[in-house]
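**Student:**
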Amino acid sequence: MMILVTGATGNIGSPLVATLAQAGQRVRALVRDPGAVTLPTGVQPVTGDLNQPDSLADALTDVRGVFLLPGYADMPGLLAHIRRAGVQRVVLLSGGSAANADMSNAVSRYMALSESAARESGVPWTFLRPRAFMSNALRWLPQLRTGDLVRVPFAGVAAAAIDPADIAAVAALALTGDGHEGRIYELTGPDSLRPADQIAVLAKVLGRDLRCEGLSDEEARAEMEASMPVEYVDAFFSFYVDGTLDESQVLPTVREVTGHPPRTFEQWAEAHAEAFR
Ligand SMILES: NC(=O)c1ccc[n+]([C@@H]2O[C@H](COP(=O)([O-])OP(=O)(O)OC[C@H]3O[C@@H](n4cnc5c(N)ncnc54)[C@H](OP(=O)(O)O)[C@@H]3O)[C@@H](O)[C@H]2O)c1
């Protein structure tokens with residue numbers, strides 16, 4: 001029996017596939033373009049589209065556990081396919097805003113609807129609700145390529161951002177160990193940092209004289225609307241300008257589940273320094 005990792009090329013799926021393979025698990029990686037990915041030795045690629053549950057028949061054959069991303073077109077349909085395939089546990093990636101269950105907020109809504117589809121599916125589940133990913137700092141790459149000034153939205157907002165590798169570590173245990181069924185893991189990193197704090201850490205790691213400057217709300221909105229649907233921009237403004245989501249609290253969950261402390265932003269930046277050079 002296999003473990004199926006969806007989003008296998010992504011921030012969490014990629015370290016998750018590696019962690020599971022290293023632990024000797026049989027792993028299948030759901031990818032959309034197998035030609036475009038390099039997977040660890042022994043990991044089986046399979047194609048499928050989470051927006052089309054019917055495309056997942058091969059992916060779900062002989063699978064006992066699924067790491068599932070949230071927010072696809074028909075989550076109840078997706079979970080029904082997973083249940084019919086005989087899968088024994090689903091570890092669903094969600095987010096802190098699922099707890100708000102604010103159906104007027106597009107991000108909260110897709111997280112909450114994904115969680116309720118899993119709850120109602122009859123498949124044993126574990127929910128991961130990570131705070132902001134440290135890898136969101138990669139969004140600053142285009143600015144860092146052109147200079148030392150980084151202009152950011154929501155400059156005053158602190159978050160206990162988490163290394164995706166720690167989310168993957170929790171996911172791997174939830175997929176393979178006992179005692180995780182029906183658990184909701186609120187996952188944070190070890191420090192609550194504002195963007196300027198993260199940029200100061202990056203400056204130290206990269207040996208550069210980086211500076212951080214906040215975008216006005218108007219500038220932030222214009223920039224974000226260029227790269228995502230307006231309902232998501234509204235959702236992030238609700239979280240970070242209206243203050244409907246507080247991601248600043250540091251929680252002990254990663255240490256409790258994995259037995260090791262969550263990685264710091266400095267550790268993340270050192271591990272990814274090449275991407276910034
Ligand atoms: N970023 C944060 O701070 C944060 C915080 C909490 C929760 N989250 C949630 O985490 C999730 C992952 O976010 P991310 O930004 O880190 O993305 P990511 O996992 O790095 O990338 C998305 C992954 O999903 C795959 N994918 C996309 N559409 C697909 C489809 N239709 N069928 C199958 N696979 C598909 C992509 O595969 P391809 O290689 O084929 O494109 C890629 O592997 C999101 O749902 C987000 O809401 C993010």
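If you're matching positions, the sequence shown starts at 1 in UniProt numbering and goes up one per residue. C-beta: ideal position from N, C-alpha, C; glycine also.
(1) Let me confirm a value: Q249 is counted as buried when at least 16 other C-beta atoms fall within 10 Å, else exposed. Which label applies?
(2) So is the beta-carbon of T9 under 7 Å away from any non-hydrogen atom of ligand 1?
(3) Leaving out the 5 sequence neighbours to the left and right, which residues in its chain are closer than 8 Å to R221 when beta-carbon positions are compared?
(4) Looking only at C-alpha atoms, which of A80, Y110 and A160 sits nearest to G122?
(5) Around the C-beta of N100, are 16 or more other C-beta atoms found within 10 angstroms, so that it is buried, or is it exposed?
(6) From which residue to which residue does the alpha helix (DSSP H) around A168 run?
(7) What number of angstroms, rounded off, separates the C-alpha of S14 from the C-alpha of R208?
(8) Mind reading off the beta-carbon distance from A155 to G214? Whole number of angstroms is fine, and I expect it under 8 Å.
(9) Along the chain, which unbroken stretches of the alpha helix (DSSP H) at least 4 residues long are found entirely within the region 188-270?
(10) Does at least one heavy atom of ligand 1 sit under 7 Å from the Cβ of G71?
(11) In the DSSP output, which residue or residues are listed as bridge partners for Q44?
(12) Is V63 near ligand 1, going by C-beta to nearest heavy atom under 7 Å?
(13) What runs of the beta strand (DSSP E), each 3 residues or longer, lie entirely inside the region 102-172?
(14) Would E247 be called buried (16 or more neighbouring beta carbons within 10 Å of its own) or exposed?
(15) Based on the DSSP secondary-structure assignment, which residues constitute the bridge partners of I3?
(16) Are the CB atoms of S116 and P70 nearer to each other than 8 Å?
(17) Return the chain-ordered list of same chain residues with a C-beta closer than 6 Å to the C-beta of E266, the five sequence neighbours on each side being excluded.
(18) Look at the alpha carbon of I162 and the alpha carbon of G77, and state the distance between them as a whole number of angstroms.
(19) If T128 and V90 are in contact, beta carbons under 8 Å, what's the gap, nearest whole angstrom?
(20) Alpha carbons only, please: which of V43, A21 and L20 is nearest the one belonging to V31?
**Tutor:** Let me lay it out:
(1) Counted from its first residue, the sequence shown places residue 249 at position 249. Looking at its Cβ environment, which holds fewer than 16 other Cβ atoms inside 10 Å, Q249 is exposed.
(2) Your numbering for residue 9 matches position 9 in the sequence shown. Checking every heavy atom of ligand 1 against the Cβ of T9, one is found closer than 7 Å.
(3) Position 221 of the sequence shown, counted from the start, is the residue given in the question as residue 221. Once the five neighbours on either side are set aside, the close Cβ partners of R221 are V233 and F237.
(4) Translated into the one-based positions of the sequence shown, residue 122 becomes position 122. Considering only alpha carbons, the answer is A80.
(5) Locating residue 100 in the sequence shown gives position 100, where the first residue counts as 1. N100 should be labelled buried.
(6) Counting from one through the sequence shown, the residue named residue 168 turns up at place 168. Taken as a continuous stretch (DSSP letters only), the alpha helix (DSSP H) holding A168 covers P164 to T176.
(7) Translated into positions along the sequence shown, residue 14 becomes position 14. Translated into positions along the sequence shown, residue 208 becomes position 208. Going from the Cα of S14 to the Cα of R208 covers about 29 Å.
(8) For the purposes of this step, residue 155 is taken as the residue at position 155 of the sequence shown. For the purposes of this step, residue 214 is taken as the residue at position 214 of the sequence shown. About 3 Å separates the two Cβ atoms, so the contact holds.
(9) 195-206, 217-225, 230-240 and 253-258
(10) Within the sequence shown, residue 71 is the residue found at index 71, counting from 1. Yes, since a heavy atom of ligand 1 falls inside the 7 Å radius drawn around the Cβ of G71.
(11) Within the sequence shown, residue 44 is the residue found at index 44, counting from 1. Answer is R28, bridged to Q44.
(12) Mapped onto the sequence shown, residue 63 falls at position 63. Incorrect: V63 has no Cβ contact closer than 7 Å to ligand 1.
(13) 125-130 and 149-152
(14) Residue 247 sits at position 247 when you count from the first residue of the sequence shown. That one is buried.
(15) Against the sequence shown, residue 3 aligns to sequence position 3. Answer is V27 and G65, bridged to I3.
(16) Mapped onto the sequence shown, residue 116 falls at position 116. Mapped onto the sequence shown, residue 70 falls at position 70. The answer is no: Cβ separation not under 8 Å.
(17) Counting from 1 along the sequence shown, the entry for residue 266 is found at position 266. So the list reads V201, once near-sequence residues are dropped.
(18) As a position in the sequence shown, residue 162 is number 162, starting the count at 1. As a position in the sequence shown, residue 77 is number 77, starting the count at 1. Approximately 30 Å between the Cα atoms of the pair.
(19) Residue numbering aside, residue 128 sits at position 128 when the sequence shown is read from its first letter. Residue numbering aside, residue 90 sits at position 90 when the sequence shown is read from its first letter. It is Leu, not Thr, that sits at residue 128 in the sequence shown. Contact doesn't hold; Cβ gap of about 11 Å is too wide.
(20) The residue you call residue 31 lines up with position 31 of the sequence shown. If we check each option's Cα against that of V31, V43 comes out closest.
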